[in-house]
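> Dropping a structure here in structure tokens format, bear with me for questions.
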């Protein structure tokens, strides 16, 4: 008698080559924001082939606008459909969402890539290209897990709901739409690149822009002006102090080894327009990390209040307060109880497959897990192949072996979580 | 018997209206860099009409390249001719250069102008438009001074050499070309907008760009990176310290009332490209003021050496030194001895015409006076109508009355400096 474990493992080994071809096909499609239609069509076809009930639909911006956590730089979502595929259970079992996004960030400076970014070249067990790690490799692990279960003849009690969503890189409108359409479950796994660590907590984040004002003057008489560049250094320092204060509050042991659990990063600065004029405006752009137990709106208020204190540091800011603007992107923080049964199962299956204990941490970045937890009431774990430091960088790649290990762990986890129906033929 | 003074004054009064029309015509021509051909043609025609010997020529980039003080962002000067007009003296008298540039800086953000920038609208004794103050008003004072002398039948011993040059706003290639062609004299007056103060010394300046390096990382793990934005604040502060040190050295009484005689201005900052990434590069752009008694190359070396000391402040700079680049523009500093006879005459004529003592200061910005003094061996005074704080700004204007007062003072100064030939009919 073959155990489930053996069936899954065998299926994965037998289908390895086909699978890699399919991944390469997905990587060859530059599914940047607004260009996801083609990849979603291929995925929908694949899910139908596996035998899932598939729905494909375009996001309704008007409907989404009503939700406080809707956040996007788009007003029109045509040609960027969401896809959901359901492996309907026999009934009476816990359900699970397996969530992955198909959008990838732009390739950036092509001169920094060794090969064309959408080539999907394979070398030394790695597949290269934009989106390999973030997160087409992880997505493949989901299709494989479901296909392995289905084709091994294992019948589950609970439903398995696969989200193939758009817009994760730009505010999560895809997952929000899926959740609002009712595609929720008792728990979720998101195979974002955690390097196969298990993240029961995920840091959220939100982007902001600060306008720092100065007063213009000719550089030769700069004493008649006030340099927004000098003032912006004060603002940057002040924000660092807020970061220190916010991080001193964090006592979650999951963050014990992290130097700065929820960083505030000023990533961009632009100011002044002439070398020999005093700059009268500097714009700072950054992201503020949101701890798993925080509400976005509380963090927004805290930064806003903190910036008002600038006038105590420098009277210039009293009459020329900085302007704070929230723009661009946000990721809602997410968390699942560390004693949640899905955590227990996932850890156990990891140990079964890998033979060692998994690392359990809090993610330093946001995923759609926040929307699943907070809006969809679907507690989520992030666990996937790929190293997050490769994501968004030139020469992004993923280890193929890690995709197969992840698929195996997720398949076994799903089988135990959703429970095997009696009529399954062992 | 009418004195020279009366002749000049009368001529200026009688020709006031024509003259304003001519100024308006000049202002209507947007003579920005590369677009000076039309205005130069009109000026050449005007100077011929007055009765000067006129030469018009295009700058020879290949020839200019050989000179260490050649500085330009152009390699092709076609359609940007220089014009020189000479009022030949009877012989044996001191000569004078009257130098003015016809290039204007771009109008900038049109929404900040109350009227179209090249309209030349007159209101309440002021004429408005890009280039009114810097320096078509001052140029007009030169044409008027020469025309008044000529039409009053006054014959001079020394030559009067009028430079109508291009490229002052971008490194002085026009004046350099005029000087190298031999259009030099015993002294010079430049009617740049000094607000009718007399500037025997003119600050030079040079633009620089500094690349400050960091190390990229995801904002959520910013502790793995090094922020070039944070490092650039250290660089800005370090440069301020150099400014302090350089200005402590200055003991010229002309600078007594100036808070920072030779400022270093960081006017522009650009760095990072993503709010949630650690910035790995910040570019700072600025101008360093060069004292009248300094050599440009010494100042360049001083800044370069100073930046090398950054590694004493922060070890990061040891392995990641900032890169210093000189680009964009330079103005050679200029000076004339305060006891120079031309200074004495100009002060006296100012008092005669205005009735009060002139203010004598050092200019906080550069002019072509540096090239005239240092390359052409022609000591130069800056003295002209218009407020320099209007220059380069929206809604630039000049008081018409100041142009006529300047013309009168310059005419009388030229007559005394170049000396009246015996055969002049008083």
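Residue numbers (my numbering), protein chains in the order written: chain P, 1 to 426; chain H, 1001 to 1426. Backbone N, C-alpha and C fix where the C-beta goes; we use that ideal spot for every residue, glycine too.
Do residue 1052 of chain H and residue 1174 of chain H have their CB atoms nearer than 8 Å?
Within the second chain, numbered from 1, the residue matching residue 1052 of chain H stands at position 52. Within the second chain, numbered from 1, the residue matching residue 1174 of chain H stands at position 174. Not in contact: residue 1052 of chain H and residue 1174 of chain H (Cβ atoms no closer than 8 Å).
> Does the beta-carbon of residue 1057 of chain H have 16 or more other beta-carbons within 10 angstroms, so that it is buried, or is it exposed?
The sequence position of residue 1057 of chain H within the second chain is 57, counting from 1. By the 10 Å Cβ count, residue 1057 of chain H comes out exposed.
> Whose C-alpha, out of P:381, P:355 and P:357, is nearest the C-alpha of residue 366 of chain P?
Numbered from 1 along the first chain, position 366 holds the residue referred to as residue 366 of chain P. With distances taken between Cα atoms, residue 366 of chain P lies closest to P:381.
> Between the segment 1260-1290 of chain H and chain P, which residues of the former have CB atoms less than 7 Å from a CB of the latter, in chain order?
For the segment 1260-1290 of chain H, which is checked against every Cβ of chain P, the residues closer than 7 Å are 1260, 1263, 1265, 1266, 1267, 1268, 1269, 1270, 1271, 1272, 1273, 1274, 1275, 1276, 1277, 1278, 1279, 1282, 1285, 1286, 1287 and 1289.
> Helix, strand or coil for residue 1223 of chain H? Go by DSSP, reduced to three states.
In the second chain, the residue the question calls residue 1223 of chain H occupies position 223. The answer is helix: DSSP assigns residue 1223 of chain H an H, G or I state.
> Anything in chain H within Cβ reach of residue 362 of chain P, meaning under 9 Å, just list it in chain order.
Your numbering for residue 362 of chain P matches position 362 in the first chain. Within 9 Å Cβ-Cβ: nothing; residue 362 of chain P doesn't reach chain H, min ~10 Å.
> So, with DSSP's three-state summary, where would you put residue 19 of chain P?
Translated into positions along the first chain, residue 19 of chain P becomes position 19. Residue 19 of chain P falls in the helix class under three-state DSSP.
> Whose CA, out of P:414, P:326 and P:319, lies closest to the CA of residue 346 of chain P?
Working through the first chain from its first residue, we reach residue 346 of chain P at position 346. Nearest of P:414, P:326 and P:319 to residue 346 of chain P, Cα basis: P:414.
> Taking the alpha-carbon positions, what's the residue 1298 of chain H to residue 1036 of chain H distance?
In the second chain, counting from the first residue as 1, residue 1298 of chain H sits at position 298. In the second chain, counting from the first residue as 1, residue 1036 of chain H sits at position 36. Roughly 34 Å separates the two Cα atoms.
> Quick one, which of P:140, P:194 and P:178 has its alpha-carbon nearest residue 389 of chain P's?
The residue given as residue 389 of chain P occupies position 389 in the first chain. For residue 389 of chain P, the nearest C-alpha among the options comes from P:194.
> Report yes or no: is there a C-beta of chain H within less than 8 Å of the C-beta of residue 365 of chain P?
To locate residue 365 of chain P, count along the first chain from 1; it is residue 365. So yes, residue 365 of chain P belongs to the interface.
> Taking only three categories from DSSP, how would you classify residue 74 of chain P?
Counting from 1 along the first chain, the entry for residue 74 of chain P is found at position 74. Residue 74 of chain P: coil per DSSP, three-state reduction.
> At a Cβ cut of 7 Å, what residues of the segment 194-221 of chain P count as close to chain H, listed as they run along the chain?
From the segment 194-221 of chain P, only 203, 205, 207, 218, 219, 220 and 221 have a Cβ closer than 7 Å to chain H.
> For residue 1373 of chain H, collect the residues of the same chain with a Cβ closer than 6 Å to its Cβ; drop the 5 residues on either side in sequence, then sort them by chain order.
Along the second chain, read from residue 1 onward, the residue named residue 1373 of chain H stands at position 373. The answer, listed in chain order, is 1334, 1379 and 1380.
> Can you tell me whether DSSP reads residue 1281 of chain H as helix, strand or coil?
For the purposes of this step, residue 1281 of chain H is identified with residue 281 of the second chain, where counting begins at 1. Looking at residue 1281 of chain H - three-state DSSP - the assignment turns out to be strand.
> For the beta strand (DSSP E) containing residue 114 of chain P, name the first residue and the last one.
In the first chain, counting from the first residue as 1, residue 114 of chain P sits at position 114. Segment: none, residue 114 of chain P is in no beta strand (DSSP E) and carries neither H nor E.
> Would you say residue 1279 of chain H and residue 1267 of chain H are within 8 Å of each other, going by their C-beta atoms?
The residue labelled residue 1279 of chain H in the question sits at position 279 within the second chain. The residue labelled residue 1267 of chain H in the question sits at position 267 within the second chain. Against a cut-off of 8 Å, the Cβ pair of residue 1267 of chain H and residue 1279 of chain H comes out as no contact.
> Which residue comes first and which comes last in the beta strand (DSSP E) that contains residue 1326 of chain H?
The count along the second chain starts at 1 and reaches residue 1326 of chain H at position 326. That run of the beta strand (DSSP E) goes 1323-1331.
> Would you identify the three-state DSSP class for residue 1107 of chain H, choosing helix, strand or coil?
Residue 1107 of chain H sits at position 107 when you count from the first residue of the second chain. If DSSP states are grouped into helix, strand and coil, residue 1107 of chain H belongs with coil.
> Below 8 Å on the Cβ atoms is my guess for residue 1138 of chain H versus residue 1080 of chain H; work out the distance and round it to an integer in Å.
Within the second chain, residue 1138 of chain H is the residue found at index 138, counting from 1. Within the second chain, residue 1080 of chain H is the residue found at index 80, counting from 1. About 20 Å; that fails the 8 Å criterion.
> By the 10 Å Cβ neighbour count, where 16 or more other Cβ atoms means buried, how is residue 1263 of chain H classified, buried or exposed?
Walking along the second chain from the start, residue 1263 of chain H turns up at place 263. It counts as buried.
> Under a Cβ-count criterion, where at least 16 other Cβ atoms within 10 Å of its own Cβ denotes burial, should residue 1236 of chain H be classed as buried or exposed?
Numbered from its first residue, the second chain carries residue 1236 of chain H at position 236. Counting Cβ neighbours within 10 Å, residue 1236 of chain H comes out buried, since at least 16 surround it.
> So, do the segment 1084-1099 of chain H and the segment 1158-1167 of chain H have three or more beta carbon pairs nearer to each other than 8 Å?
Taking 8 Å as the limit for Cβ pairs, the verdict is that the segment 1158-1167 of chain H does touch the segment 1084-1099 of chain H.
> Are there 16 or more other CB atoms within 10 angstroms of the CB of residue 1183 of chain H, so buried, or fewer, so exposed?
Counting from one through the second chain, the residue named residue 1183 of chain H turns up at place 183. By the 10 Å Cβ count, residue 1183 of chain H comes out buried.
> For residue 104 of chain P and residue 1286 of chain H, what's the separation of their Cα atoms in angstroms?
One-based indexing of the first chain puts residue 104 of chain P at position 104. One-based indexing of the second chain puts residue 1286 of chain H at position 286. One C-alpha to the other measures close to 38 Å.
> From the DSSP secondary-structure annotation, give me the bridge partner or partners of residue 155 of chain P.
Along the first chain, read from residue 1 onward, the residue named residue 155 of chain P stands at position 155. Beta-bridge pairing links residue 155 of chain P to no other residue.
> Report yes if the CB atom of residue 1032 of chain H is closer than 8 Å to the CB atom of residue 1106 of chain H, and no otherwise.
Translated into positions along the second chain, residue 1032 of chain H becomes position 32. Translated into positions along the second chain, residue 1106 of chain H becomes position 106. In contact: residue 1032 of chain H and residue 1106 of chain H (Cβ atoms closer than 8 Å).
> Based on the DSSP secondary-structure assignment, which residues constitute the bridge partners of residue 265 of chain P?
Locating residue 265 of chain P in the first chain gives position 265, where the first residue counts as 1. Looking at the DSSP assignment, residue 265 of chain P forms a beta bridge with P:287.
> Pick helix, strand or coil for residue 1187 of chain H, following the three-state DSSP scheme.
Position 187 of the second chain, counted from the start, is the residue given in the question as residue 1187 of chain H. In this structure, residue 1187 of chain H counts as strand in the three-state DSSP scheme.
> Which residues, in chain order, does the segment 378-389 of chain P contribute to contact with chain H at a C-beta distance below 9 Å?
For the segment 378-389 of chain P, which is checked against every Cβ of chain H, the residues closer than 9 Å are 388 and 389.
> Please tell me whether residue 89 of chain P and residue 7 of chain P are closer than 8 Å, where the distance is taken between their beta carbons.
Along the first chain, read from residue 1 onward, the residue named residue 89 of chain P stands at position 89. Along the first chain, read from residue 1 onward, the residue named residue 7 of chain P stands at position 7. No, these two residues do not count as a Cβ contact at 8 Å.
> Taking only beta-carbon atoms, is residue 223 of chain P less than 8 Å away from chain A?
Protein chains P and H are contained in the structure displayed, whereas chain A is not.
> Sorted by chain position, which residues of the same chain lie with C-beta nearer than 8 Å to residue 353 of chain P's C-beta, five sequence neighbours on each side aside?
Taking the first residue of the first chain as 1, we reach residue 353 of chain P at position 353. Contacts found: 405, 408, 409 and 412.
> According to the Cβ coordinates, are residue 397 of chain P and residue 128 of chain P closer than 8 Å?
Looking up residue 397 of chain P in the first chain gives position 397. Looking up residue 128 of chain P in the first chain gives position 128. Taking 8 Å as the Cβ cut-off, residue 397 of chain P and residue 128 of chain P qualify as a contacting pair.
> Work out the CA separation of residue 319 of chain P and residue 223 of chain P for me, nearest whole Å.
In the first chain, the residue the question calls residue 223 of chain P occupies position 223. In the first chain, the residue the question calls residue 319 of chain P occupies position 319. The alpha-carbon atoms of residue 223 of chain P and residue 319 of chain P are separated by roughly 18 Å.
> Please state whether DSSP places residue 375 of chain P in a helix, a strand or coil.
If you number the first chain from 1, residue 375 of chain P lands on position 375. Coil at residue 375 of chain P, not helix or strand.
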